[in-house]
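Oh and the sequence shown: position 107 is 169 in the numbering used here, straight run, nothing missing. Each residue gets a CB set at the ideal place from its N, CA and C atoms; glycine is no exception. These notes concern the structure reproduced below.
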Amino acid sequence: MQRPLLSLHSVLEALELDAACISLLEQTPEYQEFIHADTPEAIYNAIRTIGSVLNASQQANQLAENLEERINIISHKLKFIADENKPKAVFFRDVSPISIVEDGYLANLIRIAGGIHQTEILTGESNPDLLIIFNEKPISQLLTELPQALSTWARTQAVTNNQIYIIHHPGYLRRPGARVADDTEILAEIFYPKYFVFGRDADVWMKFDWQ
């Protein structure tokens, strides 16, 4: 399973610090620890460490607390949902050729947002309720390729129930960082549209109507 590195750019931007600080952070003894942060708790700690190194502890503490509060709201709303009622989701980086995402950061957020991360389609008990695609191509190209890929997966619950989603904004759900709360909210509103409405379908994701 891949472990994407912490986005220092996103943290520095959120702290309103110059990107030139990255070279300084790379020289600190703590660098190898915080650069691999891929859970919310590790990201909060990384932000506080970065703030301490760059003499911005007050801003860093406030940012970490804000992110934690937003994610806790989601966790608390979903804590009584049984595993058998949670949506099973498969994530793709591409559909032509097929490339399924196996990513530690994403797996952690899927769990927090009340989903079950699957990395296979129609093998054994794997039959996903949702297919979610990270689009790295022109959207017109993806929309041309999708119908053929979906016909291959026609027997899945996701395709049968028209639950196919495209994450088209390249700045979200790719790497851990200061957007961890945004990333969790995006997943939560896709998984549970009756519980959460954050409005990120306006700029980050879209539903693909297959039928």
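Go ahead and label residue i buried or exposed: buried means 16 or more other beta carbons lie within 10 angstroms of its beta carbon, across all protein chains shown.
i: ALA82; result: exposed
i: SER85; result: exposed
i: GLU247; result: buried
Pick out whichever of the options has its Cα sitting closest to the Cα of residue i.
i: VAL242; options: ILE135, ASN224, TYR167; result: TYR167
i: ASP263; options: LYS256, ILE252, TRP272; result: ILE252
i: ILE112; options: ILE172, GLY239, THR214, HIS231; result: GLY239
i: ALA211; options: VAL157, ASN224, LYS148; result: VAL157
i: ALA175; options: LEU70, ASP244, ASP271, LYS269; result: ASP244
i: LYS150; options: ASN224, ASN189, GLU207, MET268; result: ASN189
i: SER72; options: THR214, PHE258, ARG237; result: ARG237
i: TYR106; options: HIS98, LEU125, TYR93; result: LEU125
Could you give the C-beta distance for residue i and residue j, rounded to a whole number, given that I count them as a contact under 8 Å?
i: PHE96; j: LEU68; result: 6 Å
i: ILE228; j: ILE183; result: Going by Cβ atoms, the distance from ILE228 to ILE183 rounds to 17 Å, so no, they are not a contact pair.
i: VAL152; j: LEU193; result: 6 Å
i: ALA118; j: LEU77; result: 5 Å
Using three-state DSSP, classify residue i as helix, strand or coil.
i: VAL242; result: helix
i: GLN180; result: strand
i: ILE201; result: helix
i: PHE270; result: strand
i: ARG173; result: helix
i: ILE160; result: strand
i: PHE258; result: coil
i: PHE96; result: helix
i: ALA264; result: helix
On the three-pair Cβ rule with 8 Å, is the stretch 114-134 touching the stretch 98-105? yes
Stretch pair the stretch 264-273 + the stretch 221-235: three plus CB contacts closer than 8 Å: As far as the Cβ criterion goes, the stretch 264-273 touches the stretch 221-235, which means the pair count is three or higher.
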